[in-house]
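*Asks:* Before we start, here is the structure in question, set down as structure tokens.
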Amino acid sequence: MDTLNGVSGFDKATFTEAHLQEPPVSIRLHPLKSGSIEMNTYGTVPWCAWGRYLHERPSFTLDPLLHAGAYYVQEASSMFLHSMVQHLFPNATQLKVLDLCAAPGGKSTLLAAALDTSCLILSNEVIRSRCSILEENIVKWGYPNQWITSNDPKDFGAIEGYFDLIVVDAPCSGSGLFRKESLALNHWTDNNVSLCSGRQKRILADIWNSLKENGVLIYATCSYSPQENEEVLDWLATEFSATTIPIPTDAYPGIVVSESDNHSMMGYRFFPDKIKGEGFFIAAVRKTQATNPLKYPKTKTAAENKGVLLLKDKLQPDAWSCMENAEGITALSSAHRQDYELLKQQLYFRKVGVSIGAITSKEWIPHHETALSIARSHDIPQVEVNKETALRFLKKEALESLQLTKGWYLVCYKGLALGWIKALGNRINNYLPKNQRIRMELPSELNNEE
Ligand code: SAM
């Protein structure tokens, strides 16, 4: 902790005291799905209208609304990204956005909620084993304009001058999480800080070319170390043409504004003794370097077949463009089709638009993504269930108690879809993806709940 002496805003006595307290619990509500949440909240996160503090940490896994995407569990400091995006891009449409280090999806889902749905958001995660949780969270959040790639930062270098906004929530030494995750403390060393700082610079160098001229880079860490924060910004301003972007914080006493030594790059520091949240650093930088935007390839998209047209009524009317692959049909906004053709030349996509499923000679076999998508048609048959049945569905159990005529249904809890079932007359098949099922035992008192 003594290594933090001299860091702007660091006060050893109050900082130590804060680390003896339990961290606050907070969630961020989904703008379109959170109407039926009944949680014991006690206030809004000052810099994010969708952020709420909770009195205590419930068993989130046993709340079907979490699985429906009604909210995302996120620590409060990092929600400052919301305030920044609103300040930097008020009422913006059609932005191209990259969230470079996206898993498990906190910043990504925040970006989807904060930006207009005409924007294209790429959520990238280089570590393949972390892509599944990212995908699960993004599918629950349900925005068809949010796609997933799994690429190394250097793969983005070839996409010259493309992105209006790049968020780099960099891998870091994690000192800001000491209170929340005691394991972070075990892994923290001076040497690790230096290694992280080097890696952070390499990541920024790798993606810099893909940012537009006048585009914005938002850089964040959950570290207190100047080596990983202000010094990285100074390095960026020395190596490339970049200027700092001040963000108003007058309304939020407790956020510490810092300036780097050489280029006066401004950063925003969050200390757990000064605000209700964990340690966090965030800064916005404008690229002032001339960059030639990449030209879109002239591509002809394949003519849409009958099956594709049939599937369009599974989504709300919009200008959809459909693609067929081995797994079925994917719909993406027509406005983003050329982006896909351009980006697929460089990037490995895990999710594009919304998968609507496959069509056989007999029927439509819906994809799980459609159930949770905010773009899904409202005219699809649904069955509303109580909490116990919702949790049994989420455990991927058979739902014998439901009396349904044959066909496909959305299973809904408090009006929000959780996934698909198919009633066959004598039994009901549960189509929740196996890897997303709840593994914990359900408490016995659930049997009496409505
Ligand atoms: N943005 C995420 C969120 O809000 O949920 C948290 C991101 S976490 C701080 C940093 C991420 O960077 C991790 O998912 C990690 O897998 C990824 N990462 C690790 N090494 C990386 C590298 N060399 N380049 C890019 N990303 C990396």
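So the mapping is simple: this note's numbering equals the position in the sequence shown, first residue as 1, plus 670.
Glycine is no exception: its CB is placed at the ideal position from the N, C-alpha and C atoms.
For the putative contact between threonine 919 and tyrosine 894, defined by C-beta atoms under 8 Å, what is the C-beta separation to the nearest angstrom?
*Replies:* As a working mapping, residue 919 is identified with position 249 in the sequence shown. As a working mapping, residue 894 is identified with position 224 in the sequence shown. Not really, about 18 Å apart at Cβ, beyond 8 Å.
*Asks:* Would you call the region 829-839 in contact with the region 870-880, where contact means no fewer than 3 C-beta pairs closer than 8 Å?
*Replies:* With the cut-off at 8 Å, the region 829-839 and the region 870-880 touch.
*Asks:* Taking 8 Å as the threshold, find out whether the region 768-779 comes into contact with the region 721-734 through three or more Cβ pairs.
*Replies:* Not touching, per the Cβ criterion.
*Asks:* How would you call proline 823, buried or exposed, if buried means at least 16 neighbouring beta carbons within 10 angstroms?
*Replies:* For the purposes of this step, residue 823 is identified with residue 153 of the sequence shown, where counting begins at 1. Buried, because 16 or more other Cβ atoms sit within 10 Å of the Cβ of proline 823.
*Asks:* Under the DSSP definition of a beta bridge, which residues are partnered with tryptophan 1034?
*Replies:* Against the sequence shown, residue 1034 aligns to sequence position 364. DSSP lists Ile1029 as partners of tryptophan 1034.
*Asks:* Exposed or buried, serine 1031, counting other C-beta atoms within 10 Å across all chains shown (16 or more means buried)?
*Replies:* Within the sequence shown, the letter at position 361 stands for residue 1031. Counting Cβ neighbours within 10 Å, serine 1031 comes out exposed, since fewer than 16 surround it.
*Asks:* For proline 1103 and histidine 1038, what's the separation of their Cα atoms in angstroms?
*Replies:* For the purposes of this step, residue 1103 is identified with residue 433 of the sequence shown, where counting begins at 1. For the purposes of this step, residue 1038 is identified with residue 368 of the sequence shown, where counting begins at 1. Near 7 Å, if we compare the C-alpha coordinates of histidine 1038 and proline 1103.
*Asks:* Taking the alpha-carbon positions, what's the tyrosine 922 to glutamine 870 distance?
*Replies:* Looking up residue 922 in the sequence shown gives position 252. Looking up residue 870 in the sequence shown gives position 200. Going from the Cα of tyrosine 922 to the Cα of glutamine 870 covers about 28 Å.
*Asks:* Taking 7 Å as the line, does the beta carbon of alanine 782 fall inside it for any heavy atom of the ligand SAM?
*Replies:* The sequence position of residue 782 within the sequence shown is 112, counting from 1. Incorrect: alanine 782 has no Cβ contact closer than 7 Å to the ligand SAM.
*Asks:* With distance defined between alpha-carbon atoms, name the residue in Val926, Leu770, Val809 nearest to leucine 874.
*Replies:* By one-based count along the sequence shown, residue 874 stands at place 204. Nearest C-alpha to leucine 874: Leu770.
*Asks:* Considering only residues of the same chain and omitting the five flanking positions on each side of phenylalanine 833, which have a CB-CB separation below 7 Å?
*Replies:* Working through the sequence shown from its first residue, we reach residue 833 at position 163. Contacts found: Lys766, Val767, Leu768, Ser880, Leu881, Lys882, Gly885.
*Asks:* Could you tell me how far apart the beta carbons of glutamate 898 and serine 843 are, in whole angstroms, since I believe they sit closer than 8 Å?
*Replies:* On the sequence shown, residue 898 is found 228 positions in, with the first residue counted as 1. On the sequence shown, residue 843 is found 173 positions in, with the first residue counted as 1. With 8 Å as the limit, glutamate 898 and serine 843 qualify as a contact, their Cβ atoms being about 6 Å apart.
*Asks:* How would you label valine 863, buried or exposed, when you count the other beta carbons within 10 angstroms and need 16 or more for buried?
*Replies:* As a first step, residue 863 is located in the sequence shown; it is residue number 193 there, counting from the start. So valine 863 ends up on the buried side.
*Asks:* Grab the span of the alpha helix (DSSP H) containing leucine 735 for me, first residue to last.
*Replies:* Locating residue 735 in the sequence shown gives position 65, where the first residue counts as 1. Here the alpha helix (DSSP H) through leucine 735 covers 734-737.
*Asks:* Quick one, which of Ser678, Tyr741, Leu1086, Thr787 has its alpha-carbon nearest leucine 1042's?
*Replies:* The sequence position of residue 1042 within the sequence shown is 372, counting from 1. Nearest C-alpha to leucine 1042: Leu1086.
*Asks:* Does the region 727-740 come into contact with the region 809-817, if we say contact requires no fewer than three beta-carbon pairs (one atom in each stretch) closer than 8 Å?
*Replies:* Touching, per the Cβ criterion.
*Asks:* Can you list, in chain order, the residues of its chain with a C-beta nearer than 8 Å to that of phenylalanine 685? Leave out the 5 residues immediately preceding and following it.
*Replies:* By one-based count along the sequence shown, residue 685 stands at place 15. Result list for phenylalanine 685: Met671, Leu674, Phe941, Pro942, Asp943, in chain order.
*Asks:* Flag cysteine 892 as yes when its Cβ comes closer than 7 Å to any non-hydrogen atom of the ligand SAM, and as no otherwise.
*Replies:* Numbered from its first residue, the sequence shown carries residue 892 at position 222. Yes, Cβ of cysteine 892 sits closer than 7 Å to a heavy atom of the ligand SAM.
*Asks:* Are lysine 1065 and leucine 1112 closer than 8 Å when you measure CB to CB?
*Replies:* Here residue 1065 refers to the residue found at position 395 when the sequence shown is read from its first residue. Here residue 1112 refers to the residue found at position 442 when the sequence shown is read from its first residue. Yes, Cβ-Cβ distance for lysine 1065 and leucine 1112 is below 8 Å.
*Asks:* Is tyrosine 745 near the ligand SAM, with its Cβ less than 7 Å from a heavy atom?
*Replies:* For this step, residue 745 is matched to residue 75 along the sequence shown. The identity of residue 745 in the sequence shown is glutamate, whereas the question assumes tyrosine. No, the Cβ of glutamate 745 stays beyond 7 Å of every heavy atom of the ligand SAM.
*Asks:* When the Cα of glutamine 816 is compared with those of Ser1003, Ser1114, Trp717, Asn1105, which residue comes out closest?
*Replies:* Reading the sequence shown from its first residue, position 146 is the one you call residue 816. Of Ser1003, Ser1114, Trp717, Asn1105, the residue nearest in Cα terms is Ser1003.
*Asks:* In whole angstroms, what separates the C-alpha of threonine 787 from that of proline 814?
*Replies:* Looking up residue 787 in the sequence shown gives position 117. Looking up residue 814 in the sequence shown gives position 144. Taking the straight line joining both Cα atoms gives about 8 Å.
*Asks:* Buried or exposed: where does aspartate 733 fall if 16 or more other Cβ atoms within 10 Å of its Cβ makes it buried?
*Replies:* For this step, residue 733 is matched to residue 63 along the sequence shown. Buried.
*Asks:* Going by beta carbon distance, what residues of the same chain come within less than 7 Å of alanine 960, once the five residues before and after it are set aside?
*Replies:* Residue mapping note: residue 960 aligns to position 290 of the sequence shown, counting from 1. Here the set comprises Glu883.
*Asks:* Taking only three categories from DSSP, how would you classify cysteine 771?
*Replies:* Translated into the one-based positions of the sequence shown, residue 771 becomes position 101. Correct three-state label for cysteine 771: coil.
*Asks:* Taking the C-alpha atoms as reference points, what is the distance between glycine 949 and glutamine 1052?
*Replies:* Locating residue 949 in the sequence shown gives position 279, where the first residue counts as 1. Locating residue 1052 in the sequence shown gives position 382, where the first residue counts as 1. Computed Cα separation, rounded: 43 Å.
*Asks:* Measuring straight from C-alpha to C-alpha, what distance separates alanine 1128 and glutamate 692?
*Replies:* The structure shown does not extend to residue 1128, since the chain spans only 671 to 1120, so no value can be given for it.
*Asks:* Can you check which of these residues, Tyr889, Pro1036, Ile797, is closest to alanine 954 by C-alpha distance?
*Replies:* Counting from 1 along the sequence shown, the entry for residue 954 is found at position 284. Comparing Cα-Cα distances from alanine 954 to each of Tyr889, Pro1036, Ile797, the minimum goes to Tyr889.
*Asks:* Leaving out five residues before and five after leucine 906 in sequence, what residues of the same chain have Cβ atoms less than 7 Å from its Cβ?
*Replies:* Locating residue 906 in the sequence shown gives position 236, counting from the first residue. The residues are Leu874, Ala912, Val955.
*Asks:* From valine 1081 to lysine 957, what does the alpha carbon distance come to, in whole angstroms?
*Replies:* Within the sequence shown, the letter at position 411 stands for residue 1081. Within the sequence shown, the letter at position 287 stands for residue 957. Going by the C-alpha atoms only, they are around 47 Å apart.
*Asks:* Nearest to leucine 1088 by CA position, among Gly1095, Leu1094, Arg1097, Tyr1101, is which residue?
*Replies:* Position 418 of the sequence shown holds residue 1088. The candidate whose alpha carbon is nearest that of leucine 1088 is Tyr1101.
*Asks:* Skipping 5 residues on each side, what residues in its chain have a beta carbon closer than 8 Å to that of glutamine 986?
*Replies:* Within the sequence shown, residue 986 is the residue found at index 316, counting from 1. Cβ neighbours of glutamine 986 beyond the five flanking positions: Ala1045, Arg1046, Ser1047, His1048.
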